[in-house]
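In this note's numbering, the protein residues as written are 972 to 1388.
Below: the structure, in structure tokens.
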């Protein structure tokens, strides 16, 4: 028999049982669940990735909801186990959900949540950091110094690229892609070319206004262009950042043929999902083009890298840390707890046949508003309906209005000044 997993229990006599497959930053999410009479069990096993069998053992015979991680394979087996245990909700502590079989969730009547919005700025910041690090060859220079190789200034030592006046390309101008574009345009005065199925009107207005500001102050204005194809971005941009979702249409989106379209000294950044890039083709391209640089936060077969990638001096690799800022990770944990709390505790929230996936926090907010004015039976128990409404209102206003103000919401940690 397999050895039982180590768990930490909060509120052992709680009416509802919620499982978290990993310990998460902060205590607000814990307090939120405990205050709503949940018995919270957190897996503290020193194991990076739990197996399907591990998670089934955590679910057990009775479980109202689970908070899981993007490294876990949530498909038919796990959703059927959760359903048998009486579970109604699963929340990914991530904005992406390519590890979740939504059809299986719907089949077993389990609502699925994710944590969008709260990680927009921090993910964009890492993409910008990788862009600058690649352009100025910071990691190469750091390794050079640590190896004791520096013996004096030289005119050609680690000459990189100036970003000002160059063109930044964004593929996928959603929340994160647009935030990254704004940082690069305003921070480094880069021109913008982007490709998205939908027009990024707010982003276009921002770049236009900033260009007018620069012109009024006697500087060269920045420009923007919406590309008619992704290939147009690849050919024209000096720095390219990938921000698409991962599905069948974006798997190996960047392949051998598309890598060949890019400039010889281009910089490619990926903070979205690893399989968007054909990693074997990327390694070959890096070998053949030593001035081409890449910054990767995600990998095709995480946690592993394809052979040869770690040896490439023109590649910067970091271990999936795009959302790894304290404030953001605590906010993600809080959103994940809210998803499970709202969906799992109220029996009348939804019928199995109309299970909603993905059940985002803003959808919770919409439903809370509607139930507050509805004459029909509320889907939130009257004992805590108003409290949850207030919690969600503050949280959603923070996330969706980007009001990053100190102590704006009591559930979210204050940012450092």
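Idealized CB from N, CA, C, for every residue including glycine.
Cutoff 7 Å; reference residue i; Cβ partners in own chain excluding five residues on either side
| i | result |
| --- | --- |
| residue 1355 | Low confidence applies here, because residue 1355 scores a pLDDT of 36, under 50, leaving its location unreliable and the question unanswered by this model. |
| residue 1031 | 1056 |
| residue 1167 | 1143, 1144 |
| residue 1033 | 988, 1056, 1057 |
| residue 1252 | 1226, 1227, 1230 |
| residue 1054 | 1079, 1080, 1081 |
| residue 1015 | 977, 978, 979, 994 |
Per-residue DSSP class, three states only, for residue i
| i | result |
| --- | --- |
| residue 1336 | Because residue 1336 sits at a pLDDT of 44, beneath the cut-off of 50, its placement in the model cannot be relied upon, and the point is left open. |
| residue 1202 | helix |
| residue 1015 | coil |
| residue 1325 | Low local confidence applies: a pLDDT of 29 at residue 1325 is under 50, so the model's placement there is unreliable, and no value is given. |
| residue 1207 | helix |
| residue 1132 | coil |
| residue 1195 | strand |
| residue 1107 | coil |
| residue 1034 | coil |
| residue 1061 | strand |
| residue 1123 | coil |
| residue 1010 | strand |
| residue 1080 | coil |
| residue 1275 | strand |
| residue 1240 | strand |
| residue 1027 | helix |
| residue 1097 | helix |
| residue 1295 | coil |
| residue 1266 | strand |
| residue 1118 | coil |
| residue 1315 | helix |
| residue 1245 | helix |
| residue 1102 | helix |
| residue 1302 | helix |
When the options are compared against residue i, the one with the closest alpha-carbon
| i | options | result |
| --- | --- | --- |
| residue 952 | 1191, 1166, 1158, 1153 | Here the chain covers residues 972 to 1388 and nothing more, so residue 952 does not appear. |
| residue 1022 | 1262, 1035, 1074, 1042 | 1042 |
| residue 1036 | 1266, 1252, 1275, 1061 | 1061 |
| residue 1196 | 1211, 1140, 1159 | 1140 |
| residue 1075 | 974, 1148, 1050, 1248 | 1050 |
| residue 1088 | 1312, 1315, 1302 | 1302 |
| residue 1091 | 1173, 1214, 1238 | 1214 |
| residue 1133 | 1039, 1237, 994, 1315 | 1237 |
| residue 1226 | 1250, 1160, 1208, 1166 | 1250 |
| residue 1224 | 1200, 1014, 1003 | 1200 |
| residue 1024 | 985, 975, 1013 | 975 |
| residue 1146 | 1048, 1066, 1009 | 1066 |
| residue 996 | 1182, 1157, 1119, 1295 | 1295 |
| residue 1194 | 1297, 1307, 1179, 1205 | 1179 |
| residue 1229 | 983, 982, 1206, 985 | 1206 |
| residue 1272 | 1314, 1110, 983, 1222 | 1222 |
| residue 1038 | 1016, 1064, 1114, 1044 | 1064 |
| residue 1079 | 1094, 1068, 1093, 1046 | 1046 |
| residue 1308 | 985, 1001, 982, 1117 | 1001 |
| residue 1148 | 1029, 1165, 1263, 1191 | 1165 |
| residue 977 | 985, 990, 986 | 990 |
| residue 1203 | 1264, 1138, 1291, 1263 | 1138 |
| residue 1077 | 1161, 1059, 1094 | 1059 |
| residue 1291 | 1247, 1123, 1094 | 1094 |
| residue 985 | 979, 993, 992, 1009 | 1009 |
Same chain, Cβ closer than 8 Å to residue i, neighbours up to 5 away in sequence not counted
| i | result |
| --- | --- |
| residue 1231 | 1256 |
| residue 1019 | 1042, 1274 |
| residue 1281 | 1288 |
| residue 1300 | 995, 996, 997, 1294 |
| residue 1099 | 1151, 1154, 1155, 1158 |
| residue 1044 | 1023, 1070 |
Bounding residues of the alpha helix (DSSP H) (the contiguous stretch that carries residue i)
| i | result |
| --- | --- |
| residue 1004 | 999-1006 |
| residue 1052 | 1047-1055 |
| residue 1151 | 1146-1159 |
| residue 976 | No alpha helix (DSSP H) holds residue 976; DSSP gives it neither H nor E. |
| residue 1253 | 1250-1259 |
| residue 984 | Counting along the chain, residue 984 falls outside any alpha helix (DSSP H), and DSSP gives it neither H nor E. |
| residue 1230 | 1227-1232 |
Sequence-distant residues of the same chain with beta carbon closer than 6 Å to residue i, five excluded per side
| i | result |
| --- | --- |
| residue 1270 | 1245, 1276 |
| residue 1266 | 1101, 1105, 1240, 1287 |
| residue 1162 | 1138, 1193, 1194 |
N- and C-terminal bounds of the beta strand (DSSP E) containing residue i
| i | result |
| --- | --- |
| residue 1213 | 1210-1213 |
| residue 1182 | Taken as a continuous stretch (DSSP letters only), residue 1182 belongs to no beta strand (DSSP E), being part of the alpha helix (DSSP H) at 1172-1187. |
| residue 1141 | 1138-1142 |
| residue 1162 | 1162-1166 |
| residue 1069 | Where residue 1069 is concerned, there is no enclosing beta strand (DSSP E), given that its DSSP letter is neither H nor E. |
| residue 1288 | 1286-1288 |
Any non-hydrogen atom of the ligand GDP within 7 Å of residue i CB
| i | result |
| --- | --- |
| residue 1106 | Looking at this structure, you won't find the ligand GDP or any other ligand, since it has none at all. |
Cβ of residue i within 8 Å of any chain C Cβ
| i | result |
| --- | --- |
| residue 1293 | Any reference to chain C falls outside this structure, which holds one protein chain only. |
* Report yes or no: do three or more beta-carbon pairs, one from the stretch 1174-1190 and one from the stretch 1215-1223, lie closer than 8 Å? => no
* Is the stretch 1273-1292 touching the stretch 1098-1109, taking contact as three or more C-beta pairs under 8 Å? -> Yes, the stretch 1273-1292 touches the stretch 1098-1109.
* To do: Indicate whether the contact test is met: 3 or more Cβ pairs, each with one atom in the stretch 1113-1131 and one in the stretch 1144-1153, closer than 8 Å.
  => no
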